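Notes follow once the structure below has been shown.
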Amino acid sequence: MEFLYLSIILASLSILITIFSLRHRSNDGVKLPPGSFGWPIIGESIEFLFGKPENFVNYRMTKYSQEIFKTKIFGEKTAVICGPNGNKFLFSNERKIFTGFLPHSKQKLFLSSKPEPVAAPPVPPPHAVVAVAAVAVDDVKEVIRTPGFFKPEALSSYLGIIDSISQQHLKTQWEGKDELKVYPLAKTLTLSIACRIFLGMENPDRITRLVRYFDDVTLGLHSIMVNFPGTNFYRASKAVDAIRRELMAVVRERRAAMLGSGGAMKQDILSHMIVVSDPTGKGMGEAEIADKIMGLLVAGYANVAVTISFFMKFVGESPDIYNKVLSEQLEISKDKKTGKLLDWNDMSKMKYSWNVMCEVMRVVPPQQGTFREVLTDFTYAGYTIPKGWKVYWTVNTTNKNSKYFRDPEKFDPSRYEGGEAPAPYTYVPFGGGPRLCPGKEYARLVVLTFIHNVVKKYKWEVLFPKEKVLGDMVPMPEKGVPIRLHPH
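Structural data, given as structure tokens:
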């Protein structure tokens, strides 16, 4: 349906090709990177999305340059800087040459995505649990970084919650079943954990309602803005409206609870956002908080669920790897009293399990890449990228490149052991520099906690070993990773 709409639009715009033929000329004689801007208006967006971003990037690296090429996606002239040197250059020049950029589809879906600088918020009452520091709410990453929600000491306090929810999930959703699909259940698990930790939400009915909408949002975040029924963007718009209403109700309930308790706060991100204010003392509105929370939930929902799902696929197909993971987790369990939840020390012992997860994220990156905006003209690899252009950063220029990973198509966790560790800037699933994903450690805890619990209870058989990977910026298993369970 969406492809049909786009084909019609392309046909109607064909008359403009001549008008836009000058697009291939350099800006005022500047030497631009090799590449193509594609069709008028929409550029190469169709090839990028429908041909998969990984294939799009690899084909153009082969055709144009291993270092840099130009394209036009989502309506923006874009440079793709490639390889470990490109990664290092991008990460080292964040906030000097580059700043964050959201594709227009994201800006449209999340109403509060435009920057709004704010100063330090007022100090909460003495009995408040969370000490609120100065925060800039123009970026949800800054909102969660500033008070230290994702620092080790905070994450350590979440571990018991994550472990309890994981155990309960396996008991209620997996126990007694011969076969199941991992991906849908992994999404429910990761959203349940995120809602509990970020929002203090424990209402299963409300979480079930939210789960129904998040897939549509994920698919629409990086879509062409064709707002007709049946398109990804249209479905995402409707889903965002529904989630926003649900989250605004949560915000109202929390504000009322805080007023009723004299300003006492729960130790979660929602309470922190409620007390944040701008220089005039005005706090964020319900819709703005809801949108920022929604962005946080999207980031902590699909990516982690994808990683869990492909762990189940690859490990289920590799008995030797499964046995090593199981041995490591049983060794951790034998030193714990019955019923005692996981702690930070246990996480540090899961070295092989984490190597397995690193290999999962190399073979199927849960996040393909992100965009930046160019703040000032700069030169890279002999080419000039003008101010105002966008830069697309992606893991796909290195993660399956035989220059950096031997036998790159093989699933092999041993490549992260000892002297086998990847060279700097070749393995960057969480980005780097100032924009290193702040939720990296959170994701690690959620995934490792799930692994600990699932391998102790089950061995499993993957029912469709040749299952395809679908999706664009966020990959997903075509059939949901169906497995047959074999309880211990």
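Numbering-wise, the sequence shown is residues 66 to 553 according to the numbering used here.
For each residue, glycine too, the CB sits at the ideal point set by N, CA and C.
Remember, predicted model here, so these are calculated numbers, not experimental data.
Just grab the DSSP bridge partners of Pro-547 for me.
On the sequence shown, position 482 is the one that residue 547 refers to. Beta-bridge pairing links Pro-547 to Lys-246.
How many angstroms separate the CA atom of Phe-139 from the CA atom of His-553?
For this step, residue 139 is matched to residue 74 along the sequence shown. For this step, residue 553 is matched to residue 488 along the sequence shown. Rounded to the nearest angstrom, the two C-alpha atoms are 50 Å apart.
Phe-134 lies in the beta strand (DSSP E); which residues open and close that run?
Counting from 1 along the sequence shown, the entry for residue 134 is found at position 69. Its beta strand (DSSP E) spans residues 133-138.
Span of the alpha helix (DSSP H) holding Glu-393?
Here residue 393 refers to the residue found at position 328 of the sequence shown. Note, Glu-393: alpha helix (DSSP H), 384-399.
Is it the case that the region 513-533 contacts the region 544-552, given that we only count it when at least three CB pairs across the two stretches are under 8 Å?
yes
Please list, in chain order, all residues of the same chain as Arg-160 whose beta carbon is under 7 Å from its beta carbon, the five residues on each side excluded.
As a first step, residue 160 is located in the sequence shown; it is residue number 95 there, counting from the start. Same-chain partners within the cutoff: Pro-499.
Where does the unbroken alpha helix (DSSP H) through Val-363 begin, and where does it stop?
Numbered from its first residue, the sequence shown carries residue 363 at position 298. From DSSP, the alpha helix (DSSP H) with Val-363 extends over 351-364.
Confirm, please, whether the CB-CB distance from Gly-348 to Pro-118 is below 8 Å.
In the sequence shown, counting from the first residue as 1, residue 118 sits at position 53. In the sequence shown, counting from the first residue as 1, residue 348 sits at position 283. In this structure, Pro-118 sits away from Gly-348, with a CB-CB distance that is not shorter than 8 Å.
Using a Cβ-Cβ cutoff of less than 7 Å, which residues in the same chain neighbour Thr-462 once the five nearest sequence positions on both sides are dropped?
To locate residue 462, count along the sequence shown from 1; it is residue 397. Excluding the 5 residues flanking it on each side, Thr-462 has same chain C-beta neighbours closer than 7 Å at Val-122, Met-126, Cys-147, Gly-148 and Gly-151, in chain order.
Enumerate, from N- to C-terminal direction, the unbroken beta strand (DSSP E) stretches of 3 or more residues contained entirely within the region 446-493.
448-450 and 455-459
According to DSSP, is Gly-434 helix, strand or coil?
Looking up residue 434 in the sequence shown gives position 369. Gly-434: strand per DSSP, three-state reduction.
Hey, how far is the Cα of Thr-255 from the Cα of Leu-275?
To locate residue 255, count along the sequence shown from 1; it is residue 190. To locate residue 275, count along the sequence shown from 1; it is residue 210. Each residue's Cα considered, the two are about 12 Å apart.
State the Cα-Cα distance for the pair Phe-175 and Val-305, rounded to the nearest angstrom.
Walking along the sequence shown from the start, residue 175 turns up at place 110. Walking along the sequence shown from the start, residue 305 turns up at place 240. Roughly 8 Å separates the two Cα atoms.
According to DSSP, Glu-112 sits in a beta bridge with which residue or residues?
Taking the first residue of the sequence shown as position 1, residue 112 is located at position 47. Bridge partners of Glu-112: none, in fact.
At which residues does the alpha helix (DSSP H) containing Thr-273 begin and terminate?
The count along the sequence shown starts at 1 and reaches residue 273 at position 208. It spans 269-285 - the alpha helix (DSSP H) in which Thr-273 sits, taken as one unbroken run.
Looking at C-alpha atoms only, which residue of Gly-165, Glu-396 and Cys-423 is the closest neighbour of Asn-410?
Within the sequence shown, the letter at position 345 stands for residue 410. Among Gly-165, Glu-396 and Cys-423, the Cα nearest to that of Asn-410 belongs to Glu-396.
Given the structure, does Pro-118 come close to the ligand NAP, in the sense that its CB is under 7 Å from one of the ligand's heavy atoms?
For the ligand NAP, the structure offers nothing, since it holds no ligand at all.
In the DSSP assignment, find the unbroken alpha helix (DSSP H) run with Thr-514 in it and report its ends.
Position 449 of the sequence shown, counted from the start, is the residue given in the question as residue 514. Here the alpha helix (DSSP H) through Thr-514 covers 505-522.
For Tyr-124, does the count of other Cβ atoms within 10 angstroms reach 16, so buried, or fall short, so exposed?
Residue 124 sits at position 59 when you count from the first residue of the sequence shown. Under this definition Tyr-124 is an exposed residue.
Grouping DSSP H, G and I as helix and E and B as strand, with all else coil, what is Pro-99?
In the sequence shown, the residue the question calls residue 99 occupies position 34. Coil at Pro-99, not helix or strand.
Within 10 angstroms of its Cβ, does Leu-324 collect 16 or more other Cβ (buried), or is it exposed?
Reading the sequence shown from its first residue, position 259 is the one you call residue 324. It counts as exposed.
Considering only residues of the same chain and omitting the five flanking positions on each side of Ala-251, which have a CB-CB separation below 6 Å?
In the sequence shown, counting from the first residue as 1, residue 251 sits at position 186. Residues of the same chain with a CB within less than 6 Å of the CB of Ala-251, apart from the 5 flanking positions on each side, are Ala-370, Ile-373 and Ser-374 in chain order.
In the structure shown, what three-state DSSP assignment does Leu-535 receive?
Walking along the sequence shown from the start, residue 535 turns up at place 470. Correct three-state label for Leu-535: strand.
As a quick exercise: from Glu-393, Lys-153 and Glu-240, pick the residue whose alpha carbon is nearest that of Tyr-523.
Mapped onto the sequence shown, residue 523 falls at position 458. Here the closest residue by C-alpha is Glu-240.
Can you list, in chain order, the residues of its chain whose CB lies under 6 Å from that of Gly-497, leaving out five sequence neighbours each side?
On the sequence shown, position 432 is the one that residue 497 refers to. Around Gly-497: Phe-156.
Select from Asp-280, Phe-115 and Phe-102 the residue whose C-alpha is nearest the C-alpha of Glu-141.
For the purposes of this step, residue 141 is taken as residue 76 along the sequence shown, with counting starting at 1. Ranking Asp-280, Phe-115 and Phe-102 by Cα distance to Glu-141 puts Phe-102 first.
By how many angstroms is the C-alpha of Leu-407 removed from the C-alpha of Leu-224?
Translated into the one-based positions of the sequence shown, residue 224 becomes position 159. Translated into the one-based positions of the sequence shown, residue 407 becomes position 342. The alpha-carbon atoms of Leu-224 and Leu-407 are separated by roughly 7 Å.
Look up Gly-325 in the DSSP assignment and say whether it is helix, strand or coil.
Mapped onto the sequence shown, residue 325 falls at position 260. Here Gly-325 carries a helix assignment [DSSP, helix/strand/coil].
Less than 8 Å separating the beta-carbons of Thr-143 and Trp-458?
Stepping through the sequence shown from its first residue, residue 143 is reached at position 78. Stepping through the sequence shown from its first residue, residue 458 is reached at position 393. Against a cut-off of 8 Å, the Cβ pair of Trp-458 and Thr-143 comes out as no contact.
Evaluate Val-315 with the Cβ neighbour count: other Cβ atoms within 10 Å of its Cβ, from every protein chain shown; 16 or more gives buried, anything less gives exposed.
Locating residue 315 in the sequence shown gives position 250, counting from the first residue. When all chains shown are included, Val-315 counts as buried.
Are Arg-437 and Gly-165 close, meaning C-beta to C-beta below 8 Å?
Along the sequence shown, one-based indexing puts residue 437 at 372. Along the sequence shown, one-based indexing puts residue 165 at 100. Going by C-beta atoms, Arg-437 is nearer than 8 Å to Gly-165.
Are the region 422-433 and the region 265-282 touching by the rule of at least three beta carbon pairs closer than 8 Å?
Contact between the region 422-433 and the region 265-282 is absent, because fewer than three Cβ pairs lie under 8 Å.
Specify, as a first and last residue, the run of the alpha helix (DSSP H) that Gly-381 falls within.
Position 316 of the sequence shown, counted from the start, is the residue given in the question as residue 381. Unbroken alpha helix (DSSP H) run through Gly-381: 367-381.
Taking Glu-159 as part of the beta strand (DSSP E), name the residues at either end of that continuous run.
Looking up residue 159 in the sequence shown gives position 94. Glu-159 -> no beta strand (DSSP E), and no H or E assigned at all.
Cβ of Ala-364 within 8 Å of Cβ of Gly-504?
Within the sequence shown, the letter at position 299 stands for residue 364. Within the sequence shown, the letter at position 439 stands for residue 504. In this structure, Gly-504 lies closer than 8 Å to Ala-364 by Cβ.
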